[in-house]
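All residue numbers for the sequence shown refer to the working numbering, where the first residue is 3 and numbers rise by one.
Backbone N, C-alpha and C define an ideal beta-carbon position, used for all residues, glycine too.
Written below as structure tokens is the structure these notes are about.
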Amino acid sequence: MRQLDIRDVDGYLQRIRSEPDIRREARRLMTVSISRFFRDPPVWNCIETKLVPELLSRGPAVVTAWFAGCSLGQEVYSFKMLWLLLENQTGPLPQLSLTATDVNPEYLNMAAAGVYRDHIIKEIPGKCLERFFRRDRGLCLLAEDVKRDISWQRHDLTGPAPMRGPFHMIFMRNSLLTYCKEEFRGSHVGRLSESLASRGYLIIGAREEMPADVKDLYRVDDCPCVFRKR
3 MRQLDIRDVD GYLQRIRSEP DIRREARRLM TVSISRFFRD PPVWNCIETK LVPELLSRGP
63 AVVTAWFAGC SLGQEVYSFK MLWLLLENQT GPLPQLSLTA TDVNPEYLNM AAAGVYRDHI
123 IKEIPGKCLE RFFRRDRGLC LLAEDVKRDI SWQRHDLTGP APMRGPFHMI FMRNSLLTYC
183 KEEFRGSHVG RLSESLASRG YLIIGAREEM PADVKDLYRV DDCPCVFRKR
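Okay, structure coming up:
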């Protein structure tokens, strides 16, 4: 408001409604950077033991995943580390194509750098910490093979157009279903599901609920927070 020389909140709200550039900047300022590596371990156990093996059994040439609202990239890298460890155990896997999006370009730049404060070590399994990180003066630096083949793109989940798919998996955790008004959640998720491949998976946050008016997704048995496209 100071930068725009606006004296009261009503005046600011009026400018937000009428000027797209100001509205985008307000959205950027309200974005949340909180995320963690391997957040909610039961979810990641399901991804590792059920979802990924099921996807691989279909024999795809390329496995695609979209991380919608990726913040600082911890979940993107969690999945990439899981994939690389599996490849070490089983031999060559299909090509992996990861798309990570956020509305805040600063977060995308920080995520792509793959540099984190060393307090993150308590979140990361020992096998991943040893294999994929280098510690240097209070920082944890990700290995180059983890950062490879990830497309970082600016995208607004509440906008009219989803990312062009189809994706085998979409991670939409602790973002739209937490911060968007309830009356808009169903329509946003409906658009998002358009980007899912047939039988693709949508993964949400542990404390989030799927809107009741979303009809083309159903909950996967024994997998918390995972929904499958019909």
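Taking the beta carbon of residue i as the centre, do at least 16 other beta carbons fall within 10 Å, making it buried, or is it exposed?
i              : result
lysine 115     : It should be pointed out that residue 115 corresponds to alanine in this sequence rather than to lysine. Exposed, by the Cβ-count rule.
methionine 171 : buried
threonine 101  : buried
leucine 95     : exposed
leucine 219    : buried
leucine 159    : buried
threonine 51   : exposed
glutamate 77   : buried
glycine 75     : buried
serine 153     : exposed
glycine 61     : exposed
valine 11      : exposed
threonine 92   : exposed
glycine 207    : buried
glycine 128    : exposed
Going by the DSSP bridge assignment, what does residue i pair with across the sheet?
i                 : result
serine 99         : Thr66
arginine 156      : Asp104
methionine 174    : Ile206
cysteine 142      : Tyr118, Arg137
phenylalanine 169 : Leu198
Along the beta strand (DSSP E) that carries residue i, what are the first and last residues, could you check?
i                 : result
alanine 199       : 198–206
phenylalanine 229 : 228–231
leucine 219       : 219–221
Look at the Cβ atom of residue i, then the Cβ atom of residue j, and state whether they are nearer than 8 Å.
i              : j                 : result
threonine 180  : glutamate 211     : no
leucine 144    : tyrosine 79       : yes
valine 64      : glutamine 16      : no
isoleucine 205 : valine 228        : yes
proline 162    : serine 197        : no
leucine 88     : valine 45         : no
lysine 231     : valine 148        : no
glycine 71     : leucine 178       : yes
glutamate 35   : serine 73         : In the sequence under discussion, the amino acid at residue 35 is serine, which differs from the glutamate named in the question. Yes, they are a contact pair.
valine 117     : leucine 141       : yes
tryptophan 68  : phenylalanine 186 : no
methionine 32  : tyrosine 14       : no
glycine 188    : aspartate 215     : yes
At what residues does the alpha helix (DSSP H) containing residue i begin and finish?
i            : result
aspartate 12 : 11–20
cysteine 130 : 128–134
cysteine 48  : 43–48
leucine 87   : 76–92
leucine 193  : One point to set straight first is that residue 193 is arginine, not leucine, in the sequence displayed. Run containing arginine 193: 184–195, per the alpha helix (DSSP H) assignment.
leucine 57   : 54–59
Taking residue i as the reference, which of the options has the closest Cα?
i              : options                        : result
isoleucine 126 : Tyr14, Leu219, Arg41           : Arg41
arginine 29    : Arg156, Ala208, Thr66, Pro213  : Arg156
proline 226    : Arg175, Arg4, Lys183, Ala199   : Arg175
threonine 103  : Gly13, Phe173, Trp85           : Phe173
serine 200     : Asn111, Trp154, Leu57          : Leu57
alanine 113    : Arg38, Thr92, Ile123           : Arg38
arginine 193   : Gly167, Leu110, Gly207, Lys183 : Gly167
glutamate 184  : Gly207, Tyr203, Pro213         : Pro213
arginine 300   : Val105, Asn47, Asn90, Ile122   : Outside the shown range of the chain, which is 3 to 232, sits residue 300, and nothing can be said about it.
aspartate 120  : Val222, Tyr109, Phe135         : Phe135
Verify the CB distance criterion: does residue i have a CB-CB separation below 8 Å to chain C?
i              : result
isoleucine 172 : You won't find chain C in this structure, because it holds only one protein chain.
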